[in-house]
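What follows is a short report on a single structure.
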Amino acid sequence: MLRRALRLGLGPGLLGRGLGTHREGSTLDWHGKVSEIKKKIQSVLPGGAWSPLCDTSHLPPEHSDVVIVGGGVLGLSVAYWLKRLEKRQGAIRVLVVERDHTYSQASTVLSVGGIRQQFSLPENIQLSLFSVEFLRNINEYLAVVDDPPLDLQFNPSGYLFLASEEGATIMENNVKVQRQEGAKVCLMSPEQLQKKFPWINTEGVALASYGLENEGWFDPWCLLQGLRRKVQSMGVLFCHGEVTRFVSSSNHMETAIGEKVTLKRIHEVHVKVDHSQEYQPVECAIVVNAAGAWSGRIAELAGIGKGPPGTLQGTKLPVEPRKRYVYLWHCPQGPGLEAPLVADPSGAYFRREGLGNNYLGGCSPTEEEEPDPGNLEVDHDFFQEKVWPYLAQRVPAFETLKVRRAWAGYYDYNTFDQNGVVGPHPLVVNMYFATGFSGHGLQQAPAVGRAVAEVMLEGHFQTINLSPFLFNRFYLGEKAQEHCII
Amino acid sequence: MAASGASLRLVAPVWNRGTSGIRGLSRSVDPEGSQRKGRTLLQFLADHFYDVEAVREYLLQKQVLKVLRKNRFQDKEWMRPNGRGLSGELWKLWEVPIEAVDASGCAINYQGLDNVLALKELQSLSLQCCPHVDDWCLSRLHQLANSLQELSLAGCPRISERGLACLHHLQ
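From first to last, the protein sequence lines stand for chains L and W.
Heads up: the first sequence at position 191 corresponds to 191 in this note's numbering, and the numbers run straight through without jumps.
Heads up: the second sequence at position 57 corresponds to 543 in this note's numbering, and the numbers run straight through without jumps.
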């Protein structure tokens, strides 16, 4: 008995003594642990609660070559062109992360849907020309087997820009550039304008430019759904979640002249699932920032702009959400079917909507009057004070109108020069931008998607050279200013 | 034929584009991509040699069903294509300005309209029952605003009120 006890005592040896000390110190813990272990064993056995195979179908995949943050028209366009321009079918795995699958706040679907070539920068004109060709042949580009063809509801009614005395020379120069690039625009004097559109009051108008072809408006929701459908058929994965974190690594290097540079590379994107604390770290090679009005936030997550101001590290992405209102009104005596999208020199614009004398329009507020972009509430007083007077002055028939509906949407406003940001970031080497188009993103989306895909696959722009739209310009101070902004 | 010499005008490019119009037709008829390689060589040759163009036309005539192209010249009667197709006697008349084009039932599309729009003296255009004429094509017709007097779009399935709204250019 004693020998057995000794053997038992000596066998585990130190352990026995250890257990002995533990036993003396915390007897209850040992019993607690035993019952825990018993519970775990019970749950592992069949019929228990624990299952080694849990369902992750609501989570994005663990690996993806390209993660596109933002599932609006720009993000989907980049996804489409990536899959279309890849060298071998199925070569690139693309994941599109969209926070809101109802697109309730997305700029794409809240947009007025216009497309025009009347820009002042040749790059913008080229982008718009290609996009219009894409829209014209949309059923060749976005055809999916067994699905019905897309009907974009395109109204080829054109844009009519009115210019006062001061703006007349700029307008003439712009039209020259537009014609050089191949846009069909004609200049009209006030008399011609009055003859053509008798409902216009040409007081204060010195010159007008009218787009004859390839300009008008269409249904952005249809384009979005068409892109989504096609992109899913090409094998792009969609994820309903929000990007909360980037995990990146830094590389300290020296430039040729000996300056110290820190290059960052994003390795993982943490995607948080909606209404839950669950997140999935997605390992990726490239991240595309196409988050529209929230691109600035995504850029901050990646560490862009964290540095002393005035340096490249300290240059933030100057894209912020700006709220814009669109009002729908009915006017029984208003302009007829020939009405294009008219843009007044004061900034107010309107277009015909449908055949029932309804019109859509609005006005971009000045910097001081910018509404708070925290929500999408509509300010009806803004229409009464800032939009209606100009409309009524330009089109006397609009003095009697009745606002039926209104909504608000965001511009992904580039505070630097109101033009898009495209291409890679110089320091965060695998983040590409496709955002900041300040109100003309929808109409340039197909072409921008192709340009970004080309930069990602080939390393440089091939069809349209968008070097003036690279991120570097914010640091170098080179504005690519667009004058024709609505 | 002799009188046509009197009204010689520089409408020569029209007939080059006349065949490219049929090329445009073929683009709309042929399935995308499948015959593209075979066609580019022939297309390239067709740009430079009229005989090859004639051969292409003949081949395409066989493909495009129901192409009835009636052209009326100034002070002349209607010329109809004979059994072989358009290329026959119309080559001699390539410099004559054209007043009316009847492309009913023709598989003409956006690109094919290039040659119709080049006819600056066109007075009558009939695009009845053209299956590929849509709103985009109508938006191009403003180029004929100066001369066009009759336009027929009956039976085109793809046009809508949005395209008709932009016909206001034609006064």
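Quick reminder that beta carbons are idealized off the backbone N, C-alpha and C, glycines included.
Within the 8 Å Cβ cut-off, does R633(W) reach chain L?
Locating residue 633(W) in the second sequence gives position 147, where the first residue counts as 1. Residue identity differs from the one stated: residue 633(W) is Ser in this sequence, not Arg. Not an interface residue.
Straight-line gap, R324(L) to Y349(L) (C-alpha atoms, nearest Å):
Residue numbering aside, residue 324(L) sits at position 324 when the first sequence is read from its first letter. Residue numbering aside, residue 349(L) sits at position 349 when the first sequence is read from its first letter. Spanning the two alpha carbons is a distance of roughly 12 Å.
6 Å CB neighbourhood of D417(L) in its chain, flanking five on each side removed:
As a working note, residue 417(L) is residue 417 in the first sequence. Closer than 6 Å at the Cβ level, and outside the excluded window around D417(L), lie K479, A480 and Q481.
Assign F171(L) to one of three DSSP states: helix, strand, or coil.
For the purposes of this step, residue 171(L) is identified with residue 171 of the first sequence, where counting begins at 1. For clarity, residue 171(L) is Met in the given sequence; the question names Phe instead. Here M171(L) sits in helix by DSSP.
Give me the residue from E181(L), A290(L) and M431(L) with the minimum Cα distance to S107(L).
Numbered from 1 along the first sequence, position 107 holds the residue referred to as residue 107(L). Nearest C-alpha to S107(L): A290(L).
Should A640(W) go down as buried or exposed, given a rule of 16 or more other Cβ atoms within 10 Å for buried?
The residue given as residue 640(W) occupies position 154 in the second sequence. Here A640(W) is exposed: its Cβ has fewer than 16 other Cβ atoms, across all protein chains shown, within 10 Å.
How long is the line joining the alpha carbons of P332(L) and G70(L), rounded to whole angstroms?
Reading the first sequence from its first residue, position 332 is the one you call residue 332(L). Reading the first sequence from its first residue, position 70 is the one you call residue 70(L). Distance between the alpha carbons of P332(L) and G70(L): 41 Å.
DSSP three-state call for C642(W): helix, strand or coil?
The residue given as residue 642(W) occupies position 156 in the second sequence. DSSP places C642(W) in coil when its eight states are reduced to three.
Tell me the DSSP bridge mates of V326(L)?
The count along the first sequence starts at 1 and reaches residue 326(L) at position 326. Its beta-bridge partners are W407(L).
Residues in its own chain within less than 7 Å of F471(L) by CB, not counting five upstream and five downstream?
Reading the first sequence from its first residue, position 471 is the one you call residue 471(L). Excluding positions up to five away in sequence, the list reads V421, G423, H425, P426 and F433.
Would you say G216(L) and S157(L) are within 8 Å of each other, going by their C-beta atoms?
Residue 216(L) sits at position 216 when you count from the first residue of the first sequence. Residue 157(L) sits at position 157 when you count from the first residue of the first sequence. Against a cut-off of 8 Å, the Cβ pair of S157(L) and G216(L) comes out as a contact.
Does the Cβ of S43(L) have 16 or more other Cβ atoms within 10 Å, making it buried, or fewer, making it exposed?
The residue labelled residue 43(L) in the question sits at position 43 within the first sequence. S43(L) is exposed by the Cβ-count criterion.
P220(L) by DSSP, collapsed to three states: which one?
As a working note, residue 220(L) is residue 220 in the first sequence. If DSSP states are grouped into helix, strand and coil, P220(L) belongs with the helices.
Indicate whether the contact test is met: 3 or more Cβ pairs, each with one atom in the stretch 282 to 298 of chain L and one in the stretch 93 to 109 of chain L, closer than 8 Å.
With a cut-off of 8 Å, the stretch 93 to 109 of chain L and the stretch 282 to 298 of chain L count as touching, because enough Cβ pairs lie within range.
Chain W within 8 Å of F154(L), Cβ atoms only
Here the question's residue 154(L) lines up with position 154 in the first sequence. Put simply, the CB of F154(L) is near chain W, with a gap under 8 Å to one of its CB atoms.
Along the beta strand (DSSP E) that carries M188(L), what are the first and last residues, could you check?
Reading the first sequence from its first residue, position 188 is the one you call residue 188(L). Per DSSP, M188(L) belongs to the beta strand (DSSP E) from V185 to M188.
Sequence ranges, alpha helix (DSSP H) only - wholly within the stretch 299 to 369 of chain L, length at least 4
Within the stretch 299 to 369 of chain L, no complete alpha helix (DSSP H) run reaches 4 residues.
Between S364(L) and the rest of its own chain, which residues show a CB-CB distance below 6 Å, the 5 nearest in sequence each way excluded?
Within the first sequence, numbered from 1, the residue matching residue 364(L) stands at position 364. The answer, listed in chain order, is G347.
May I ask you to report which of helix, strand or coil DSSP gives F474(L)?
Locating residue 474(L) in the first sequence gives position 474, counting from the first residue. Residue state for F474(L) is assigned as helix, using DSSP reduced to three classes.
Beta-carbon proximity check, N358(L) vs H330(L), cutoff 8 Å
Position 358 of the first sequence holds residue 358(L). Position 330 of the first sequence holds residue 330(L). It is a contact, given that the beta carbons lie within the stated cut-off.
Applying the criterion that 16 or more other CB atoms from any shown protein chain within 10 Å of the CB defines a buried residue, is K40(L) buried or exposed?
Here residue 40(L) corresponds to residue number 40 of the first sequence, with the count starting at 1. Under a 10 Å Cβ-count criterion, K40(L) is classified as exposed, with fewer than 16 other Cβ atoms of the shown protein chains found around its own Cβ.
Is H380(L) helix, strand or coil when you go by DSSP?
For the purposes of this step, residue 380(L) is identified with residue 380 of the first sequence, where counting begins at 1. H380(L) falls in the helix class under three-state DSSP.
Here's the rule: buried if 16 or more other CB atoms are within 10 angstroms of the residue's CB, otherwise exposed. What is K552(W)?
What you label residue 552(W) is simply residue 66 of the second sequence in a count that begins at 1. Residue confidence is low: K552(W) scores 37 on pLDDT, short of 50, so the model does not pin down where it sits. Its coordinate-derived value is still stated next. Exposed, since its Cβ has fewer than 16 Cβ neighbours within 10 Å.
Hey, W81(L) and G449(L) are a contact pair by Cβ (cut 8 Å); roughly how many whole angstroms apart?
For the purposes of this step, residue 81(L) is taken as residue 81 along the first sequence, with counting starting at 1. For the purposes of this step, residue 449(L) is taken as residue 449 along the first sequence, with counting starting at 1. Contact flag correct, Cβ pair sits at about 5 Å.
Exposed or buried, C616(W), counting other C-beta atoms within 10 Å across all chains shown (16 or more means buried)?
Walking along the second sequence from the start, residue 616(W) turns up at place 130. Classification for C616(W): buried.
Say whether chain L places a C-beta atom closer than 8 Å to the C-beta of C616(W).
Numbered from 1 along the second sequence, position 130 holds the residue referred to as residue 616(W). Answer no: the Cβ-Cβ gap between C616(W) and chain L never drops below 8 Å.
Could you check whether the Cβ of R136(L) sits closer than 8 Å to any Cβ belonging to chain W?
Counted from its first residue, the first sequence places residue 136(L) at position 136. For R136(L), the answer is yes, since a Cβ of chain W falls inside 8 Å of its Cβ.
Taking the CB atoms as reference points, tell me whether G241(L) and R99(L) lie closer together than 8 Å.
On the first sequence, position 241 is the one that residue 241(L) refers to. On the first sequence, position 99 is the one that residue 99(L) refers to. Yes; because the gap between Cβ atoms is below 8 Å, this pair is in contact.
Within 10 angstroms of its Cβ, does I92(L) collect 16 or more other Cβ (buried), or is it exposed?
Taking the first residue of the first sequence as 1, we reach residue 92(L) at position 92. Result: buried.
Measuring alpha carbon to alpha carbon, tell me which of G436(L), G167(L) and A397(L) ends up nearest N419(L).
Position 419 of the first sequence, counted from the first residue, corresponds to residue 419(L). Comparing Cα-Cα distances from N419(L) to each of G436(L), G167(L) and A397(L), the minimum goes to G436(L).
Taking the DSSP output, what are the residues bridged to L237(L)?
The residue you call residue 237(L) lines up with position 237 of the first sequence. Paired residue(s): L95(L).
Locate the beta strand (DSSP E) running through E268(L), then write down its first and last residues.
The residue labelled residue 268(L) in the question sits at position 268 within the first sequence. Unbroken beta strand (DSSP E) run through E268(L): K260 to V273.
Could you give the C-beta distance for A408(L) and E377(L), rounded to a whole number, given that I count them as a contact under 8 Å?
Sequence index remark: in the first sequence, residue 408(L) carries index 408 (1-based). Sequence index remark: in the first sequence, residue 377(L) carries index 377 (1-based). About 7 Å; that satisfies the 8 Å criterion.
Interface flag, E647(W) vs chain L, CB-CB below 8 Å:
Taking the first residue of the second sequence as position 1, residue 647(W) is located at position 161. Judged by the 8 Å Cβ criterion, E647(W) is in contact with chain L.
Three or more beta-carbon pairs under 8 Å between the stretch 585 to 603 of chain W and the stretch 180 to 194 of chain L, yes or no?
Too few Cβ pairs lie closer than 8 Å, so no.
For A589(W), count neighbouring Cβ atoms within 10 angstroms of its own Cβ and tell me buried if that reaches 16, exposed if not.
Here the question's residue 589(W) lines up with position 103 in the second sequence. By the neighbour-count rule (16 or more Cβ atoms within 10 Å), A589(W) is buried.
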